[in-house]
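This report refers to the structure that appears directly beneath it.
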Amino acid sequence: GAWLAPLLLIAIAGVAGGILAGGLPAGLAGPVTVGLLAIAAALAAAGLSGRVGGRRVAVPALVGVGMCGAALDLLADGTGYVIGYMAVVGLALRMPPRVAMVAASPIVAAIAGVEAIDAANPAATTLAVLSAFGFLFTISEFAAASLGARHQAEALLAQETAAGEARERAATLAERSRLARDLHDVLAHSLSVLAVQLEAARLTAITEAAGA
Numbered sequence: 003g004a005w006l007a008p009l010l011l012i013a014i015a016g017v018a019g020g021i022l023a024g025g026l027p028a029g030l031a032g033p034v035t036v037g038l039l040a041i042a043a044a045l046a047a048a049g050l051s052g053r054v055g056g057r058r059v060a061v062p063a064l065v066g067v068g069m070c071g072a073a074l075d076l077l078a079d080g081t082g083y084v085i086g087y088m089a090v091v092g093l094a095l096r097m098p099p100r101v102a103m104v105a106a107s108p109i110v111a112a113i114a115g116v117e118a119i120d121a122a123n124p125a126a127t128t129l130a131v132l133s134a135f136g137f138l139f140t141i142s143e144f145a146a147a148s149l150g151a152r153h154q155a156e157a158l159l160a161q162e163t164a165a166g167e168a169r170e171r172a173a174t175l176a177e178r179s180r181l182a183r184d185l186h187d188v189l190a191h192s193l194s195v196l197a198v199q200l201e202a203a204r205l206t207a208i209t210e211a212a213g214a
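My numbering numbers the first residue of the sequence shown as 3 and each following residue consecutively.
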């Protein structure tokens with residue numbers, strides 16, 4: 003939906019605030035971190051605005067946002083994974099399940115790898131990351147399916163309403179046509195009677211005048 007881009011931008015802003023509050027990484031990693039935040043924000047704003055490209059732009063944009071989140075998680079050792087989570091949620095909400103799953107795979111793999119690097123138990127950490135992504139993906143797909151069903155129901159209701167209004171207009175026109183025909187028949191009958199009466203009056207006048 004249209005709310006996805008603002009939601010992603012809010013998540014990116016929150017991550018940026020957390021990184022800046024803790025201080026930028028030393029050396030070259032600092033400018034790279036700022037650049038990644040800017041790229042993620044630009045992709046979220048431009049790719050998901052809904053004005054251009056549709057899915058052909060939204061898919062790479064969301065994947066790019068997610069990969070930026072993984073890189074931020076690595077460089078800043080912070081909450082960059084949150085951006086990755088939001089990107090996966092966006093894919094699940096915006097794309098068909100198969101497309102979303104394929105597109106989300108590199109994001110999940112990147113974040114799982116980054117989280118496992120410094121973990122005391124890499125296998126458990128990787129499993130936890132995969133479980134979290136799986137849970138979010140499933141919930142998002144259910145939400146997308148429910149939203150799609152709602153939109154379909156609203157469309158059917160709108161079609162039924164339009165059909166009902168069309169039937170009412172047709173019935174109104176039919177009633178007007180019937181009334182017009184009835185009025186025409188009554189008027190024609192009245193004119194016919196009047197013509198007969200006038201003819202009878204004319205003949206009577208002629209007869210009376212002849213008798214006189």
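C-beta atoms are modelled at their ideal positions from N, C-alpha and C, and glycine is treated no differently. Values in this document were obtained by computation on a predicted structure and should not be read as measured data.
Please report the straight-line C-alpha distance between proline 27 and tyrosine 87, rounded to a whole angstrom.
Within the sequence shown, residue 27 is the residue found at index 25, counting from 1. Within the sequence shown, residue 87 is the residue found at index 85, counting from 1. Each residue's Cα considered, the two are about 23 Å apart.
To the nearest angstrom, report how far apart alanine 207 and leucine 175 are at their CA atoms.
The count along the sequence shown starts at 1 and reaches residue 207 at position 205. The count along the sequence shown starts at 1 and reaches residue 175 at position 173. Going by the C-alpha atoms only, they are around 47 Å apart.
Roughly how many angstroms separate the alpha carbons of alanine 160 and alanine 173, rounded to a whole number?
As a working mapping, residue 160 is identified with position 158 in the sequence shown. As a working mapping, residue 173 is identified with position 171 in the sequence shown. Their backbone Cα atoms lie some 20 Å apart in a straight line.
So alanine 106 and alanine 72 are supposed to be a Cβ contact under 8 Å. How far apart are they, rounded?
Numbered from 1 along the sequence shown, position 104 holds the residue referred to as residue 106. Numbered from 1 along the sequence shown, position 70 holds the residue referred to as residue 72. Here alanine 106 is actually not in contact with alanine 72; their C-beta atoms are around 12 Å apart, not less than 8 Å.
Kindly indicate which three-state DSSP category leucine 30 falls into: helix, strand or coil?
As a first step, residue 30 is located in the sequence shown; it is residue number 28 there, counting from the start. Leucine 30: coil per DSSP, three-state reduction.
Just reading off the alpha helix (DSSP H) that proline 8 is part of, what are its end residues?
Locating residue 8 in the sequence shown gives position 6, counting from the first residue. Proline 8 -> alpha helix (DSSP H) spans 6 to 24.
Determine the direct distance from the alpha carbon of glutamate 170 to that of alanine 164, and round the result to whole angstroms.
Working through the sequence shown from its first residue, we reach residue 164 at position 162. Working through the sequence shown from its first residue, we reach residue 170 at position 168. Roughly 10 Å between the two C-alpha positions.
Is it right to say serine 142 is buried, meaning 16 or more other beta carbons lie within 10 angstroms of its own, or is it exposed?
Your numbering for residue 142 matches position 140 in the sequence shown. Around the beta carbon of serine 142, 16 or more other beta carbons sit within 10 angstroms, so the residue counts as buried.
Is alanine 44 closer than 8 Å to leucine 10 when the C-beta atoms are compared?
The sequence position of residue 10 within the sequence shown is 8, counting from 1. The sequence position of residue 44 within the sequence shown is 42, counting from 1. No; because the gap between Cβ atoms is not below 8 Å, this pair is not in contact.
Return the chain-ordered list of same chain residues with a C-beta closer than 8 Å to the C-beta of valine 84, the five sequence neighbours on each side being excluded.
Numbered from its first residue, the sequence shown carries residue 84 at position 82. Cβ within range, chain order: Ala13, Gly16, Val17, Gly71.
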